[in-house]
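Residue numbers (the working numbering), protein chains in the order written: chain A, 1 to 116; chain B, 117 to 230. Everything on this sheet refers to the single structure shown next.
Shown next, in the form of structure tokens:
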């Protein structure tokens with residue numbers, strides 16, 4: 001089946017420093033999967049941060065970027081300068097054409113802690 | 117103005133007891149979903165629904181029932197709760213059932229079965 005592997009556990013970064021959270025995927029269905037980053041802020045539900053449905057394209061939102069690299073099967077999340085308000089749990093996810101409608105395959109989540 | 121609200125926020129249940137988790141959405145979406153997340157794992161789909169009075173099985177439906185009495189409401193029912201069902205449960209909705217559709221999540225219900 002499909003799977004998503006992302007940076008394990010917690011990442012701690014100083015404010016204004018750069019960030020990268022790694023995400024690699026394996027998709028068994030025909031065609032290329034759609035890729036997502038969701039974020040969960042404390043006390044809230046997951047919300048979409050960005051998505052890319054075309055291989056080779058880049059998605060961006062709130063200063064975050066991720067590029068769909070089909071050769072490396074990767075979708076790493078990057079930000080040039082993080083803020084304390086970015087502290088949250090980040091989830092990489094994919095969906096593919098043969099999956100149940102609305103079904104996403106999620107990674108385990110990466111907790112980002114930004115300190116001043 | 118949360119569009120997907122879950123209740124309760126947390127619950128402690130006894131093994132063998134019945135548990136009902138509730139979800140209400142004001143997005144006017146047709147699709148609703150129940151996911152669970154275990155510590156150290158990603159979210160997994162339990163049940164979903166695309167119309168009132170109908171539910172479908174997801175990846176891990178065993179031990180769970182779902183009910184969709186109206187477009188706005190979607191419940192997850194554990195008839196005989198077990199220790200292995202301790203997890204955080206998320207409800208979500210989407211406008212359509214397209215594979216690239218954005219899901220809108222509730223804030224989760226933390227269930228502990230003792």
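Glycine residues also receive a C-beta, built at the ideal position from the N, C-alpha and C atoms. Nothing here was measured: the structure is a model prediction, and the numbers come from that model.
query: Going by DSSP, what residues sit across from residue 160 (chain B) in a beta bridge?
result: Bridge partners of residue 160 (chain B): B:152.
- prompt: Helix, strand or coil for residue 187 (chain B) per DSSP?
  reply: Residue 187 (chain B) falls in the coil class under three-state DSSP.
task: Under 8 Å Cβ to Cβ from residue 9 (chain A), same chain only, skipping five residues before and after it: list those, please.
output: Annotation for residue 9 (chain A): 110, 111 place their beta carbon closer than 8 Å to its own, counting only its chain and skipping 5 residues before and after.
message: I want to verify the contact list: residues of chain B whose CB lies under 8 Å from the CB of residue 113 (chain A), in sequence order.
response: For a Cβ distance threshold of 8 Å, nothing in chain B lies close to residue 113 (chain A): the least Cβ distance comes to about 18 Å.
- prompt: Can you name the residues of chain A whose CB is closer than 9 Å to the CB of residue 191 (chain B)?
  reply: Correct list: empty, because the minimum Cβ distance to chain A is about 17 Å.
- prompt: For residue 16 (chain A), does the three-state DSSP call read helix, strand or coil?
  reply: DSSP, read as helix, strand or coil, puts residue 16 (chain A) in coil.
query: What distance in whole Å lies between the Cβ atoms of residue 4 (chain A) and residue 25 (chain A), which are believed to be in contact at a cut-off of 8 Å?
result: 5 Å between Cβ atoms; contact.
query: Beta-carbon of residue 104 (chain A) versus every beta-carbon of chain B: anything under 8 Å?
result: Yes, because at least one Cβ of chain B sits closer than 8 Å to the Cβ of residue 104 (chain A).
query: If we ignore side chains and look at the alpha-carbon of each, how far apart do residue 136 (chain B) and residue 192 (chain B) end up?
result: So the alpha carbons of these two residues sit roughly 6 Å apart.
field: For residue 40 (chain A): DSSP bridge partner residues
entry: BP columns for residue 40 (chain A) point to A:46, A:89.
field: Coarse secondary structure for residue 103 (chain A), derived from DSSP in three states
entry: Taken through DSSP and simplified to helix, strand or coil, residue 103 (chain A) comes out as coil.
message: For a cutoff of 8 Å on Cβ pairs, would you count residue 22 (chain A) as touching chain B?
response: Judged by the 8 Å Cβ criterion, residue 22 (chain A) is not in contact with chain B.
message: Three or more C-beta pairs under 8 Å: does that hold for the region 171 to 186 of chain B against the region 206 to 219 of chain B?
response: Flag = no, the region 171 to 186 of chain B and the region 206 to 219 of chain B do not touch.
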